[in-house]
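Data block below; observations after.
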Amino acid sequence: MANKRLESEEARAKELLKESLPALITGGAGDDPAGVLTYTVVGATTGFSQLWLLVLSTPMLAAANSMAARIAVAAHDGLAAVVRKRYGRAAALIIVLVLAIANIATIAADAAGVASALQIATGVRWEFFVPLILVSLLVVLHRGYTQIKRILVFLTAVLLAYVAAAIMAKPDWAALLQATFAPHIGGHKAWTMASLGLLGTTISPYLLFWQAGEEVEELQEGITIQASETGLGVWPGMVYSNLIAFFIIVAAAMTIHAGGGHIQSVADAAQALAPLGKAGVAIFIVGIVGSGLLALPVLAGSTAYAIAELMGWPEGFGARGAHARGFLVVLVAALGGGMLISLWPNFRPAEALYYSQVLDGVLLPVLMLILLVLSNDRRVVGSAKNPLWVNGIAAFTILIAFAADAAALVLH
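According to this note's numbering, the sequence shown is numbered sequentially starting from 1.
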């Protein structure tokens, strides 16, 4: 009896690990170049004053991913397909178009961010590297992104160096703890924009569509996932992502903000790792390149998932057949289109990285409302509706995000 119980627990642990992997990849992709720079800007412009908002965003992020995963597992469809079947093609088309615009803007920014990191390493102008990044990604996708992405997740672990940098900068721990647990709201435009960027980069729309698409692919591969238990698997990736984000903000606050500096280029953001000495620049380059190569296919993939679901095409990196080409064409077009935009004259990588996340913050309340409605609709999820904690956090997230949008509108 004891052996059977142990075998059952081991099997459940393996299933939970399989369920957690998409969320871990999602979490790793969340700290992409746009995310790293945005968190650095938050720390550089507002100091510790938004740490409480980041802490609050962790359960918000987990709730959002839980809802996206729950909908996908219960309906055996991605988010765009569920919206199309439930509310019609027109409603799905609007959502997909908005997502595609936001995603391609972030692809342009992330590609420029990776290229800028390579410029720091080589001294060669960043524009030279953009076509090389595109070719490299196409080779990776052709050889099998499913295997490569697991390696890239571990490559993003170099961003944990921000933990060391923050500690070595010797922050005032009493002030840090107070800022973490005692909310403070700034009344100026820079603070409001930073809050939108923080929310937008932490709970990015593309990550939610990707999470749902990955869950559907796991189901197609025969992995058993219970819709009622999807909340368990999303936590590891979310905590991992926000732990890194927390210390990026602290490190930037202790270096750039404390020194009265500003971020005008991607190279300026590397100053947050100054406590690590010369190694800090190398770690910054590896982290930006690794996270960018992980995130760019995720961005393009979430766009391809959404459009394939809208059109009713087979989807996923392992999709086969004539119609599966549509998914791959959209994937390549999204990558190519974003990188073409990044080569536009006077394109400024640092500004693009930051404001692409502010745009995601503006879109957040509407997306959360859609997820909340769908994940409580019995015609979509059956009996696997959201637990009370998810509904409560989702409603709170919508209120916070709408308030941030309204404040930005008034102050601007």
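For glycine and all other residues, C-beta sits at the position ideal for the given N, C-alpha and C.
Bear in mind that the values here come from a model prediction, so they are computed numbers and not experimental data.
For residue i, name the three-state secondary structure that DSSP assigns.
i	result
Val-286	helix
Leu-367	helix
Ile-185	coil
Ser-195	helix
Gln-50	coil
Ala-62	helix
Val-42	helix
Gly-312	coil
Arg-125	coil
Ser-136	helix
Gly-203	The residue you asked about is not Gly; residue 203 is Ile in the sequence shown. Reduced to three states, the DSSP call for Ile-203 is coil.
Gly-277	coil
Gly-261	coil
Pro-434	Nothing can be reported for residue 434: it is not among the residues displayed for the chain, which extend from 1 to 412.
Pro-236	helix
Arg-12	Note that Arg-12 has pLDDT 49, beneath the 50 cutoff, so the model's placement of it is unreliable and the number below is only indicative. Looking at Arg-12 - three-state DSSP - the assignment turns out to be helix.
Pro-171	coil
Express the C-alpha separation of residue j and residue i in angstroms, rounding to a whole number.
i	j	result
Phe-254	Gly-261	For the record, residue 254 in the displayed sequence is Met; it is not Phe. Distance between the alpha carbons of Met-254 and Gly-261: 11 Å.
Asn-103	Leu-367	14 Å
Ala-403	Val-36	24 Å
Asp-110	Ser-342	9 Å
Val-158	Phe-246	15 Å
Pro-59	Ile-244	15 Å
Ala-269	Gly-382	47 Å
Thr-106	Leu-137	16 Å
Leu-208	Val-362	16 Å
Ala-395	Leu-294	31 Å
Ile-185	Ser-49	8 Å
Leu-273	Val-281	7 Å
Met-168	Ala-108	34 Å
Gly-213	Ala-251	34 Å
Gly-43	Ile-249	4 Å
Ala-406	Leu-399	10 Å
Ile-283	Leu-79	36 Å
Ala-69	Pro-345	40 Å
Val-82	Ala-75	7 Å
Ala-279	Trp-126	21 Å
Val-390	Gly-123	48 Å
Leu-340	Ala-182	44 Å
Gly-88	Ile-94	11 Å
Asp-32	Phe-347	19 Å
Val-410	Val-140	45 Å
Asn-386	Arg-379	13 Å
Trp-235	Val-135	34 Å
Gly-277	Leu-160	16 Å
His-188	Pro-171	25 Å
Pro-205	Ser-57	14 Å
Leu-364	Thr-192	15 Å
Leu-328	Glu-309	13 Å
Glu-218	Ala-72	11 Å
Gly-312	Leu-296	24 Å
Ser-375	Gly-47	37 Å
Met-67	Val-373	10 Å
Ala-401	Tyr-39	17 Å
Quick check on the DSSP output: the alpha helix (DSSP H) that includes residue i runs from which residue to which?
i	result
Asn-346	It is not in any alpha helix (DSSP H) - Asn-346 carries neither H nor E in the DSSP assignment.
Met-254	Premise fails: Met-254 is in no alpha helix (DSSP H) and is neither H nor E.
Val-266	266 to 269
Ile-167	161 to 168
inquiry  = Whether or not the segment 283 to 292 and the segment 107 to 126 are in contact is what I'm after, with contact meaning three or more pairs of Cβ atoms, one per stretch, closer than 8 Å; do they touch?
reply    = Enough Cβ pairs lie closer than 8 Å, so yes.
task = Could I get the ranges of all uninterrupted alpha helix (DSSP H) runs contained in the segment 357 to 411, with 4 residues as the minimum, in chain order?
result = Counting only runs of 4 or more, we get 378 to 381, 388 to 411.
request  = Taking 8 Å as the threshold, find out whether the segment 56 to 67 comes into contact with the segment 360 to 378 through three or more Cβ pairs.
outcome  = The segment 56 to 67 makes contact with the segment 360 to 378, as at least three CB pairs between them are under 8 Å.
message = Under 8 Å, with one C-beta from each stretch per pair, do the segment 350 to 357 and the segment 123 to 133 reach the 3-pair mark?
response = The way I'd put it, the segment 350 to 357 doesn't touch the segment 123 to 133; fewer than three beta-carbon pairs between them come closer than 8 Å.
query = Counting pairs of Cβ atoms below 8 Å between the segment 173 to 185 and the segment 323 to 342, do you hit three or more?
reply = Because the criterion of three Cβ pairs below 8 Å is not met, the segment 173 to 185 and the segment 323 to 342 do not touch.
Meets three-Cβ-pair contact criterion under 8 Å: the segment 90 to 100 and the segment 294 to 311 = In short, these stretches touch, since the Cβ pair count reaches three.
key: Complete runs of the alpha helix (DSSP H) confined to the segment 72 to 115 [at least 4 residues]   = Fully enclosed alpha helix (DSSP H) runs of no fewer than 4 residues occupy 79 to 87 of the segment 72 to 115, in order along the chain.
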